[in-house]
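First the structure, in the form of structure tokens, and then the observations on it.
Okay, here's the thing in structure tokens:
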């Protein structure tokens, strides 16, 4: 275990996977679901980092398949805005990742979480891996 | 409406560096409509400031509130109790709100969280354009409703200048020459003769060059309890 926490903010409709499905990822994974990824605000992303997540994955439905038409596209814009804020305060914008996941495809969902963890490996000093 | 833009977070962090308890207060007037200082922006700015301070090992406590308006004294009264709970306030209202709060509560350390930019319209979501400069002596009855003070880079009253090419301003190819627009508009309205009038030099005193401006309506001042 790295000792890191990864927060996944996603839509109820995108996927039903649980943290147990992420057992292969050597980090604590917390999943918070919203009624639509379009409802995920910039402040939700920042609050996840404030609550000790080292990285945040925002997962929305594949482009064109959002239940609410354009929720995941809106989420992508919010991710861009949150990344700009991280840059402003001297944090790595790569800590926030966006993924478009085919509906109910747990494999793609877990893969996106793994990639988020791998990005952390790239950006954080190796010394921060606690065990 | 008054258009504002959030200040860089590093600048706000500098202002509040000495403090541990800060209130972030928004305004539900113009700055909420232009998405610079309403409820959402208060929440975002507060979260960003807390995150930045936490990373520096100097946690910040925030109180988040959004007032109906910050340009009227009655809506600022919650500051009376708020100032007992925090060391400083960051206001996301326009400069009017910050000034009024600073006037009314001289012992309150209040700092601006936005830059007040211009009077503008909202032609589409996420876009604001300057349309008026508040010069206090409106002449757009002569110009087809288009303001050469706000929309001409040189504030020309007798345009266009030599930099107008193909209907565009020389400052940027995406900026229309307002004098070109004025000509086209007046032509369409059959009012081209308005351009033949010689205007006397503009009086800039109403624009603020005569000092801070005031407007008074004595009929409304009757029985004024403010």
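Protein chains in written order, with our numbering: chain A, 2 to 132; chain B, 974 to 1199.
Glycine included, every Cβ here is placed at the ideal spot set by N, Cα and C.
Predicted model only: the values in this text are computed from it and were never measured.
Cutoff 7 angstroms: residue 43 of chain A Cβ touching any chain B Cβ: Closer than 7 angstroms: yes.
Euclidean distance between Cα positions of residue 131 of chain A and residue 33 of chain A: The predicted position of residue 131 of chain A is uncertain, since its pLDDT is 46 and thus under 50; no value can be drawn from it.
Residue 1161 of chain B: contacting residues in chain A (beta-carbon distance under 8 angstroms): Close partners of residue 1161 of chain B in chain A (Cβ separation under 8 angstroms) are lacking, with about 37 angstroms as the shortest Cβ gap.
Closest by C-alpha distance to residue 1033 of chain B, when choosing among B:1142, B:992, B:1098: Selected option, being the one with the closest Cα: B:992.
Residue 1187 of chain B - DSSP class collapsed to helix/strand/coil: Residue 1187 of chain B carries a coil assignment under DSSP once its states are collapsed to helix, strand and coil.
Spatial neighbours of residue 1134 of chain B in its chain, beta-carbon cut-off 7 angstroms, leaving aside the 5 residues before and after: Within the same chain, residue 1134 of chain B has close Cβ partners 1127.
Three or more C-beta pairs below 8 angstroms linking the segment 1050-1067 of chain B and the segment 109-126 of chain A: Cβ pair count under 8 angstroms is below three, so no.
Within 7 angstroms, strictly: CB atoms of residue 38 of chain A and residue 76 of chain A: Yes.
Cβ-based burial, residue 1057 of chain B [other Cβ within 10 Å; buried from 16]: Its Cβ having fewer than 16 others within 10 Å, residue 1057 of chain B is exposed.
Whole runs of the alpha helix (DSSP H) within the segment 1108-1195 of chain B, excluding any shorter than 4 residues: Segments of the alpha helix (DSSP H) lying fully in the segment 1108-1195 of chain B: 1121-1124, 1151-1161, 1191-1194.
Straight-line Cα distance separating residue 1091 of chain B from residue 10 of chain A: Computed Cα separation, rounded: 36 angstroms.
Alpha-carbon to alpha-carbon, residue 1150 of chain B and residue 1169 of chain B: Computed Cα separation, rounded: 19 angstroms.
Own chain partners of residue 25 of chain A with C-beta closer than 6 angstroms, once the 5 adjacent residues on each side are dropped: Result list for residue 25 of chain A: empty, nothing under 6 angstroms.
Residues in the segment 1009-1020 of chain B having any Cβ partner in chain A nearer than 7 angstroms: Cβ proximity to chain A below 7 angstroms picks out 1013, 1016, 1017, 1020 from the segment 1009-1020 of chain B.
C-beta atoms of residue 101 of chain A and residue 65 of chain A nearer than 7 angstroms: Contact flag unset, no.
Three-state class that DSSP yields for residue 3 of chain A in the structure shown: Three-state result, residue 3 of chain A: coil.
Sequence-distant residues of the same chain with beta carbon closer than 7 angstroms to residue 1016 of chain B, five excluded per side: If we look at residue 1016 of chain B and ignore the five residues flanking it on each side, its Cβ neighbours are 1037.
Contact set between residue 86 of chain A and chain B, taken where Cβ atoms lie within less than 8 angstroms: Per Cβ cutoff of 8 angstroms: 982, 1017, 1021.
Distance CB(residue 977 of chain B)-CB(residue 1050 of chain B) smaller than 7 angstroms: For the 7 angstroms CB-CB criterion, residue 977 of chain B and residue 1050 of chain B do not form a contact.
With 16 other Cβ atoms within 10 Å as the buried cut-off, status of residue 1174 of chain B: Exposed, by the Cβ-count rule.
Which of helix, strand or coil DSSP assigns to residue 1038 of chain B: Three-state result, residue 1038 of chain B: strand.
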